[in-house]
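Asker: My structure is below; once you've seen it, I'll send some questions.
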Amino acid sequence: MKGAQIFNRHRSASFKALRVMIACAVTYAITQIAGFQQGFWAVFTVLLVMQGSVGATVRAATDRLIATVAGAVMGGIAVLIAPAGALYTGISLVVVAGITSVAASLNPRLRVAGLTAAVVMLTRAPDIPVFTFVYLRILEIAMGGVIGVTASRLVLPVQASTVMVNKLVDVLNSITDLLDHQADALEKGEGYIATETNIALRTALTSAEEMLPDVIQEQTARLGRPGVSDAIVRTLWRIRNDITHVSRLTDKPFSEPVLQALGTSVTALIHAEGRLAQICGEALKTKDVIERDDARGCLADFEMAFKHFRVSKEASNLDFEEIGRIFGLAFALRRLNQDFFDLSDRINERSALQR
């Protein structure tokens, strides 16, 4: 049982290790059968490009190939132009290193171009033509990239879109917990300070957003189903900002007259938004249509209670600071509801495409 628990805890790492081992074995076998003199570059490439998901592996392999072609061409040109001799080789190496460094600063995808150029300039045997040497290096690295992507796709594949969906579901579940805690504190007449929770939510959302380039690369290569659009991520950032606004307005308790007039409708609305967040998370996985009648009804109840409160005697007796907090909270809750409705629309659109 203990061994099974350890395996489950490190399942993704174990699966990645298996993919890398198989890819390395296949690459090494091919280089030996084909008789590549420097086939180790193909093995190096496999080790460099194999990532935790198909999309990430495709992106790493593409970047590696682009940098290899650029570096190999640059190194080949330097070898052809520079006169023979260690001094001239050193001068051309320094010049090429500077050029490739500038190129990498302008385009991060070229960050290993300098390495490839240096390999071409320093490891070419004199009896091998420059064009042949450059061609073989590109071929070896391209082969390593193709094998890496193939292994990532066929051996216990992990789709970047699946990883991102799981991260977004975790974000939405965290939003549900945060909103429930805010509503519970408000119902008890207490303030709720959510600074640390909001920071953790921002970190989790950033982590999910970082998966987006891998998802796009996966879709571009037609190696996965449509994933998550950037519109969903942008809407989640708006929701996170709305929640931060609500948190600042509820970090200290409201007065008793305000709680009596608005407490029930406000807490019901916040709980409803939390339930909607959970439903959105479930719909990302199940692709079910998101129903919003609960949140819509709670918003209508809040608007009615707020309308009556604005013209009440209790409202006229409140100080300016609390009045500002109440109107600010009303605005923030409306924005939160609208952004959740936008999120549900985006998720429903995604679900319709995948059914």
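If you read the sequence shown in UniProt numbering, its first letter stands for residue 1, the second for the next number, and so on.
We treat Cβ as the ideally placed atom computed from N, Cα and C, and that holds for glycine.
Just so we're clear, the structure is a prediction, and the values are computed from it rather than from any experiment.
Hey, how far is the Cα of G144 from the Cα of R248?
Answerer: 53 Å
Asker: Flag this pair as touching only if the stretch 206-221 and the stretch 280-289 have three or more C-beta atom pairs under 8 Å; answer yes or no.
Answerer: no
Asker: When you compare only the Cα positions, how much space is there between Y192 and I175?
Answerer: 15 Å
Asker: By the three-class DSSP mapping on this structure, what secondary structure does K252 have?
Answerer: coil
Asker: Just reading off the alpha helix (DSSP H) that H308 is part of, what are its end residues?
Answerer: Residues 293-310.
Asker: Tell me the DSSP secondary structure of L156 in three-state form.
Answerer: coil
Asker: Threshold first: 4 residues or longer. Then list the alpha helix (DSSP H) segments lying entirely within the stretch 10-36, N to C.
Answerer: 11-34
Asker: Name the two residues that bound the continuous alpha helix (DSSP H) containing K285.
Answerer: 264-286
Asker: Give every residue of the same chain whose Cβ lies closer than 6 Å to the Cβ of R124, excluding the five residues on either side of it in the sequence, and list them in chain order.
Answerer: F133
Asker: Rounded to a whole number of angstroms, what is the C-alpha to C-alpha distance between A25 and H181?
Answerer: 52 Å
Asker: What's the call for K16, buried or exposed, on a 16-neighbour Cβ count within 10 Å?
Answerer: buried
Asker: Apply the 10 Å Cβ neighbour rule to D63 and answer buried if 16 or more other Cβ atoms are within range, or exposed otherwise.
Answerer: Around the beta carbon of D63, 16 or more other beta carbons lie within 10 angstroms, which makes this residue buried.
Asker: With M121 as the anchor, note down where its alpha helix (DSSP H) starts and where it stops.
Answerer: 113-123
Asker: How long is the line joining the alpha carbons of R238 and D339, rounded to whole angstroms?
Answerer: 7 Å
Asker: Classify S152: buried if its beta carbon has 16 or more other beta carbons within 10 angstroms, exposed otherwise.
Answerer: buried
Asker: Check this for me: beta carbons of N337 and A268, under 8 Å apart or not?
Answerer: no
Asker: Can you tell me whether DSSP reads M1 as helix, strand or coil?
Answerer: In this prediction, M1 has a pLDDT of 48, which is less than 50 and means its spatial position is unreliable; nothing more can be read from the coordinates.
Asker: Please report how far the alpha carbon of S344 lies from the alpha carbon of A61, in whole angstroms.
Answerer: 35 Å
Asker: How far does the alpha helix (DSSP H) with R334 in it extend, from its first residue to its last?
Answerer: Membership of R334 in the alpha helix (DSSP H) is indicated by the continuous run 320-354.
Asker: Measuring alpha carbon to alpha carbon, tell me which residue in V258, D251, L262, C298 is nearest G274.
Answerer: C298
Asker: On a Cα-Cα basis, can you pick out the residue from Q37, G35, R240, I30 that is closest to V46?
Answerer: I30
Asker: According to DSSP, simplified to helix, strand and coil, what is Q260?
Answerer: Here DSSP, grouped into helix, strand and coil, assigns Q260 to helix.
Asker: Between T220, T197, D230, which has its C-alpha nearest L212's C-alpha?
Answerer: D230
Asker: Go ahead and label S265 buried or exposed: buried means 16 or more other beta carbons lie within 10 angstroms of its beta carbon, across all protein chains shown.
Answerer: buried
Asker: Would you kindly work out how many angstroms separate the C-alpha atoms of A84 and I216, rounded to a whole number?
Answerer: 46 Å
Asker: Quick one: what's got a C-beta closer than 6 Å to V96's C-beta in the same chain, skipping five residues either side?
Answerer: M74, A78, A117
Asker: Between which two residues does the alpha helix (DSSP H) containing Q217 stretch?
Answerer: 212-220
Asker: Going by beta-carbon coordinates alone, are E140 and A42 separated by less than 8 Å?
Answerer: yes
Asker: Mind checking M21: buried by the 16 CB within 10 Å criterion, or exposed?
Answerer: Classification for M21: exposed.
Asker: Can you tell me whether DSSP reads Y192 as helix, strand or coil?
Answerer: Looking at Y192 - three-state DSSP - the assignment turns out to be coil, as it is neither helix nor strand.
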